[in-house]
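Chemist: The structure under discussion is supplied below as structure tokens; questions concerning it will follow.
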Amino acid sequence: MSNRLQLLLAADFADLSEPIQEEIYYEFYDLVYGQILYVVRDHAAVEDIIQESFIKVITSKPKFETESKMRGWLRVVAKNSTMNYLRKIKNTVTKWMSIVFLLMKRTW
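Just so we're aligned, residue -4 is where the sequence shown starts under our numbering, counting upward by one.
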């Protein structure tokens, strides 16, 4: 892992310079993009999930003994955000399907 991504958890993110913040964000992006895209299959949704995950990461920063534990935690945060997104979509689709079926019953 690069030193930039380690800064994500070591420093106060708001105190870092804007170019450093951008580098850190894109390193996080590269770390989790593939796993989220594999599940969601929608680039726009992936972008939203990564942003949500990144905000969670910069607001809760645990200490890690090893680099692999930190990378694992970052991936778990992204996975949990992905699962939350899928639950939200499922609930939305279920509500719309109920409305459509209700309207179909009324017109028949």
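Beta carbons are placed, not taken as given, at the ideal position from N, Cα and C, and that holds for glycine. Values in this document were obtained by computation on a predicted structure and should not be read as measured data.
1. At what residues does the alpha helix (DSSP H) containing D43 begin and finish?
2. In this structure, how does DSSP classify S93 when only helix, strand and coil are distinguished?
3. Is F8 helix, strand or coil when you go by DSSP?
4. What separation, rounded to the nearest whole angstrom, lies between the Cα atoms of N(-2) and D43?
5. Whole angstroms are fine: how far does the CA of D25 sit from the CA of I15?
6. Going by DSSP, what residue range makes up the alpha helix (DSSP H) through E18?
7. How long is the line joining the alpha carbons of E18 and D10, rounded to whole angstroms?
8. Per DSSP, what kind of secondary structure is T61 in: helix, strand or coil?
Modeler: Short version:
1. H38 to T54
2. helix
3. In the three-state reduction of the DSSP assignment, F8 falls in the helix class, which pools H, G and I.
4. 25 Å
5. 15 Å
6. E13 to V35
7. 14 Å
8. coil
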